[in-house]
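Residue numbers (UniProt numbering), protein chains in the order written: chain A, 1 to 200; chain B, 1 to 200.
No residue lacks a Cβ here, since even glycine has one placed at the ideal position from N, Cα and C.
The structure appears below as structure tokens.
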Ligand SMILES: [Ca+2]
């Protein structure tokens with residue numbers, strides 16, 4: 001293995017830094033908490049990394065919260081090429097896996113050798129959902145839009161005809177990563193139904 | 001000291017999580033790398049935390065990069081109340097300190113006791129610029145808009161009549177946190193002048 005000179009490493013790092021700026025232009029389904037516009041992937045990634053800091057005590061004991069944060073910062077980078085997938089559309093979800101893998105190949109390989117692999121590994125770990133860190137990260141990723149929709153009178157749920165039964169499937173993923181956040185999310189869903197912001 | 005019951009802690013954490021969503025609506029001066037619109041503080045905070053992952057090897061040996069990332073995630077939260085300050089406006093910069101302190105008092109104290117203090121401490125550390133972590137975090141915070149302006153034909157520099165001499169002051173702050181990133185930023189400034197995107 002040849003070691004790239006320092007200036008080549010920096011050039012590759014800059015290329016990656018310029019590339020990932022595009023995440024700010026990938027638009028998600030859910031709205032900001034004031035309902036003013038739809039959220040983009042970059043600000044969403046910041047938000048869920050903050051949730052890891054805020055709700056760290058709701059992770060299983062021994063969870064490496066630093067890795068959870070790093071995982072959440074990178075978890076949506078593949079959407080620069082693959083776009084955001086609406087989690088309540090099963091056809092889109094299936095087609096997405098292939099597109100995201102191709103995106104990971106392209107985007108992470110912009111980084112210098114030795115740096116591309118560990119960053120891609122964070123994304124792989126998030127996708128595989130096998131570690132407590134990945135399950136907690138995934139829980140926060142699912143928790144954020146439920147909190148946003150609850151705070152915007154249902155937000156995009158009625159627009160996309162999402163039902164409480166569908167949201168409760170996502171709540172189960174939250175409970176797998178964090179029982180206490182799962183219970184809280186279940187309560188938000190129940191309240192949203194009571195208030196008529198989510199149909200059963 | 002009485003310990004708040006778990007449900008009170010969770011209620012406070014949720015209130016903080018709802019509050020900080022507002023950072024997505026604080027608009028900065030610089031543009032996205034494609035020049036399409038101005039950047040907001042939340043996506044900027046994600047971006048600079050990513051820069052800490054990407055450019056970690058440009059920090060002085062022994063720098064705690066996890067703390068750099070955490071610091072960058074929270075460094076702009078006070079702007080929810082205090083707004084973004086244009087760093088080339090000295091009058092605004094002076095008035096800002098007081099407003100940001102009041103904002104920190106209000107915003108961090110939404111968190112439960114025991115959690116508010118360490119998160120506020122990250123912000124205080126960033127502001128004080130005394131640790132290598134704070135100086136590196138600050139370097140990345142200054143590096144990001146220079147990279148964005150360089151990639152958008154000067155971006156907001158000509159609009160706000162910013163000169164190379166003014167940008168070079170900021171480059172010195174980058175060099176204090178990271179000599180190699182400082183040298184690279186200096187080169188970007190020189191190139192921007194050569195191309196006529198920044199006046200001397
Ligand atoms: Ca996603």
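Taking the C-alpha atoms as reference points, what is the distance between residue i and residue j?
i: residue 170 of chain A; j: residue 141 of chain A; result: 10 Å
i: residue 150 of chain A; j: residue 25 of chain B; result: 19 Å
i: residue 55 of chain B; j: residue 155 of chain A; result: 38 Å
i: residue 94 of chain B; j: residue 194 of chain B; result: 33 Å
i: residue 32 of chain A; j: residue 42 of chain A; result: 13 Å
i: residue 84 of chain B; j: residue 124 of chain B; result: 17 Å
i: residue 45 of chain B; j: residue 102 of chain B; result: 21 Å
i: residue 60 of chain A; j: residue 62 of chain B; result: 29 Å
i: residue 144 of chain B; j: residue 199 of chain A; result: 44 Å
i: residue 1 of chain A; j: residue 110 of chain A; result: For residue 1 of chain A, the predicted structure reports a pLDDT of 45, less than 50, and the residue's modelled location is therefore unreliable. A value from the coordinates is still provided. Looking at the two C-alpha atoms, the distance is approximately 18 Å.
i: residue 146 of chain B; j: residue 19 of chain B; result: 30 Å
i: residue 185 of chain B; j: residue 182 of chain A; result: 46 Å
i: residue 92 of chain A; j: residue 27 of chain A; result: 16 Å
i: residue 189 of chain A; j: residue 76 of chain B; result: 31 Å
i: residue 160 of chain A; j: residue 40 of chain A; result: 18 Å
i: residue 15 of chain B; j: residue 21 of chain B; result: 10 Å
Excluding sequence positions up to five away, which residues of its chain have a Cβ less than 8 Å from the Cβ of residue i?
i: residue 112 of chain B; result: 4, 8, 9, 12, 13
Report yes or no: is there a C-beta of chain B within less than 7 Å of the C-beta of residue i?
i: residue 185 of chain A; result: no
i: residue 157 of chain A; result: no
i: residue 110 of chain A; result: no
i: residue 167 of chain A; result: no
i: residue 5 of chain A; result: no
i: residue 1 of chain A; result: In this predicted model, residue 1 of chain A has a pLDDT of only 45, less than 50, meaning its place in the structure is not dependable enough to derive any value.
i: residue 192 of chain A; result: no
i: residue 100 of chain A; result: no
Using a Cβ cut-off of 7 Å (strictly closer), state whether residue i contacts chain A.
i: residue 176 of chain B; result: no
i: residue 24 of chain B; result: yes
i: residue 8 of chain B; result: no
i: residue 72 of chain B; result: no
i: residue 117 of chain B; result: no
i: residue 18 of chain B; result: yes
i: residue 173 of chain B; result: no
i: residue 54 of chain B; result: yes
i: residue 134 of chain B; result: no
For the beta strand (DSSP E) holding residue i, just list the boundary residues, first then last.
i: residue 39 of chain B; result: 38 to 40
i: residue 77 of chain B; result: Element bounds for residue 77 of chain B: n/a, residue is neither H nor E.
i: residue 31 of chain A; result: 27 to 31
Going by Cα to Cα distance, which pick from the options is closest to residue i?
i: residue 107 of chain A; options: A:23, A:200, A:196, A:198; result: A:23
i: residue 187 of chain A; options: A:105, A:27, A:63, A:168; result: A:168
i: residue 90 of chain B; options: B:162, B:191, B:37, B:38; result: B:162
i: residue 139 of chain B; options: B:78, B:115, B:52; result: B:52
i: residue 134 of chain B; options: B:72, B:42, B:39; result: B:72
i: residue 66 of chain A; options: A:97, A:81, A:49; result: A:49
i: residue 86 of chain B; options: B:29, B:105, B:47, B:185; result: B:29
i: residue 137 of chain A; options: A:18, A:58, A:15; result: A:58
i: residue 148 of chain A; options: A:127, A:179, A:192, A:100; result: A:192
i: residue 97 of chain A; options: A:176, A:127, A:182; result: A:127
i: residue 157 of chain B; options: B:70, B:38, B:21; result: B:38
i: residue 6 of chain A; options: A:69, A:80, A:40, A:114; result: A:114
Ignore the nearest five residues each way along the sequence and tell me which others in residue i's own chain have a CB closer than 6 Å to its CB.
i: residue 197 of chain A; result: 153, 154
i: residue 35 of chain B; result: 152
i: residue 166 of chain A; result: 88
i: residue 132 of chain B; result: 60, 63
i: residue 78 of chain A; result: 100, 103, 104
i: residue 180 of chain A; result: 58
Need the endpoints of the alpha helix (DSSP H) that residue i sits in, please.
i: residue 127 of chain B; result: 116 to 128
i: residue 98 of chain A; result: 90 to 108
i: residue 170 of chain B; result: 164 to 177
i: residue 12 of chain A; result: 6 to 20
By Cβ distance below 7 Å, which residues in the same chain neighbour residue i in space, the five residues on each side in sequence not counted?
i: residue 74 of chain B; result: 119, 122, 123
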